[in-house]
Amino acid sequence: MLQDTPTIRYYQKLSDALVDLWNRGYRFDDLRLYVDGYLASLRHSSSLEPYLIHRLEEEIVRYLYDPSNFEKTQTELDYR
Numbered sequence: 001m002l003q004d005t006p007t008i009r010y011y012q013k014l015s016d017a018l019v020d021l022w023n024r025g026y027r028f029d030d031l032r033l034y035v036d037g038y039l040a041s042l043r044h045s046s047s048l049e050p051y052l053i054h055r056l057e058e059e060i061v062r063y064l065y066d067p068s069n070f071e072k073t074q075t076e077l078d079y080r
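Position one of the sequence shown corresponds to residue 1 (the UniProt record's numbering), numbered consecutively onward.
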C-alpha cells in the first residue's frame with residue numbers, strides 16, 4: 001500500500017493515463033511499455049527514492065493486471 005503523498009500522486013496520474021490510453025485503443029503491450037517508460041523516467045529524474053519507485057511499480061502492475069480497471073462503465077440511458 002502506498003503511503004507517501006508524491007508516490008500516490010504518481011500512481012493516480014499513471015493509472016488515469018492507462019485507462020485513457022486503453023479507451024483510445026491501445027492494448028496491454030502498449031500499456032506495459034508506457035509503464036516501463038514512466039518508471040524509467042522517474043528513476044532517471046531521481047524525483048522519488050528507489051524503494052518508493054519499486055513500491056509504485058508493484059502497485060501499478062497489480063492495477064494493470066486487474067481487468068476490472070479497464071471495463072467500460074454503462075451509463076444510464078436518457079429516455080426523454
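Cβ coordinates follow ideal geometry from the N, Cα and C atoms, glycine included.
How would you write the range of the alpha helix (DSSP H) that K13 sits in, first residue to last?
Bounds of the alpha helix (DSSP H) holding K13 are T5 to N23.
Let me confirm a value: L39 is counted as buried when at least 16 other C-beta atoms fall within 10 Å, else exposed. Which label applies?
Flag for L39 reads buried.
For V61, is the classification buried or exposed, using 16 other Cβ atoms within 10 angstroms of its Cβ as the cut-off for buried?
By the neighbour-count rule (16 or more Cβ atoms within 10 Å), V61 is not buried but exposed.
For a test of the three-state rule: what should DSSP assign to residue 82, helix, strand or coil?
There is simply no residue 82 to check, as the chain begins at 1 and stops at 80 in what is shown.
Alpha helix (DSSP H) containing E58: first to last residue?
Start and end: P50 to Y65.
Does DSSP classify S68 as helix, strand or coil?
S68 falls in the helix class under three-state DSSP.
Using only alpha-carbon positions, find the residue among E57, L21 and D66 that is nearest to S41.
The shortest C-alpha separation from S41 is found at E57.
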